[in-house]
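Using full-length UniProt numbering, the first residue of the sequence shown is number 1, and each one after it goes up by one.
The structure appears below as structure tokens.
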Amino acid sequence: MRDKGRTVYQVAIADSTELKRGTYVMPTLIELESFDELQREIFGPVLHVVRYKRKELGLLIDQINASGYGLTLGVHTRIDETIAKVIDNVNAGNVYVNRNIVGAVVGVQPFGGEGLSGTGPKAGGPLYLYRLLSTRPQDAIEKSFVRSDALSAPDTRLRDILNKPLQALKAWAASNQQSDLDALCSQYAEQSQSGITRQLAGPTGERNSYAILPREHVLCLADDENDLLIQLAAVLAVGSSAVWPETDISKPLRARLPKDVQARIKLIPDWTKDEVIFDAVLHHGDSDQLRAICQQIAQRSGAIVGVNGQSHGETNVPLERLVIERALSVNTAAAGGNASLMTIG
1 MRDKGRTVYQ VAIADSTELK RGTYVMPTLI ELESFDELQR EIFGPVLHVV RYKRKELGLL
61 IDQINASGYG LTLGVHTRID ETIAKVIDNV NAGNVYVNRN IVGAVVGVQP FGGEGLSGTG
121 PKAGGPLYLY RLLSTRPQDA IEKSFVRSDA LSAPDTRLRD ILNKPLQALK AWAASNQQSD
181 LDALCSQYAE QSQSGITRQL AGPTGERNSY AILPREHVLC LADDENDLLI QLAAVLAVGS
241 SAVWPETDIS KPLRARLPKD VQARIKLIPD WTKDEVIFDA VLHHGDSDQL RAICQQIAQR
301 SGAIVGVNGQ SHGETNVPLE RLVIERALSV NTAAAGGNAS LMTIG
């Protein structure tokens, strides 16, 4: 950054011989003209400073999201509208409001990023252990949440909205005598945790919440109609949109589906092109096909995309692979205190 003419401040050390005993980076502050100058994550005692006009906050958030990195983000303000704008639009795994952005506590702030900053479930989160299992009951995650929800009711308003296209597919299946698809839609609707926000335990003066949200686009690869419909039901169950390669099977199938469902399906001529955007992949087929697909996906630039493979006709699609987790931690004391304490007596 010095070579680019940027101002760099770095702590000096009196005894430089100590630096020879290891690899150290002295605390450093770098002034940037634009966030776009920062091309990759920097782990260390390095602070980059970007000045922006208040009216350009939305542009700054877009630049942060466009970088592809999303580990943690913090915002310090007492203006509720600013807080809402940041947390509603930023793509980061952990968001902190009016508090430090380090020191996540297991069970209080499940930790993990998204995009280029993370691919799997959050450490200390409710989905973590299930990712370590080679096999499990299809409804295991659903049942684990039922137990916790009995103690504190979750917010399901977003889930109800996300489920509407799935209900349209279910109604279409029933009217077309596809009883298996009808039942599968009901099963996925019960098992999906997408669109649900839960409050987590935390210290007084702090509010912690955990939300499960859909990945935006899921690439669906299958060579028969039944498998495509299985994948579509899974995608709609979490509230995502399906990306279908345009084939002699997929194109007429999409045309037969309800309008609300069609709106959640994008047909593309060639999924291997870099400009085709998707966040996860579902594949039904044999192991040789799956190996070839994984190799093609690995060659793509940008964030790592997970590939989930099933045999023909299998319905045990891991819905948790199609979602992202967001943890929000708010220092309520900074905004004047925790009003809920007034109800204790």
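Think of the CB as a built atom: it goes at the ideal place given N, C-alpha and C, for glycine as much as any other residue.
query	result
Spatial distance of N94 from K85 (CA atoms)	15 Å
Contact under 8 Å by Cβ, S117 with G74	no
Between the CA atoms of K266 and R254 - distance to the nearest angstrom	9 Å
Distance, Y52 Cα to R2 Cα	21 Å
A242 - DSSP class collapsed to helix/strand/coil	strand
First through last residue of the beta strand (DSSP E) which encompasses Q10	V8 to Q10
Cα-Cα separation, L129 to P245	33 Å
Environment of E81 [buried if 16+ CB atoms lie within 10 Å]	exposed
Cα-Cα separation, L32 to A153	45 Å
Between the CA atoms of D223 and P137 - distance to the nearest angstrom	27 Å
Cβ neighbour criterion (16 or more within 10 Å) applied to P165	buried
Euclidean distance between Cα positions of P318 and N308	8 Å
Below-8 Å beta-carbon distance, T72 vs any chain C residue	Judged by its chain identifiers, the structure shown contains no chain C, having just a single protein chain.
Residue closest to L328, alpha-carbon to alpha-carbon, out of S209, G44, F35 and T28	S209
Which listed residue (N176, S301, S241 and N89) has its alpha carbon closest to that of D260	S241
Proximity below 8 Å, CB of N226 to CB of G302	no
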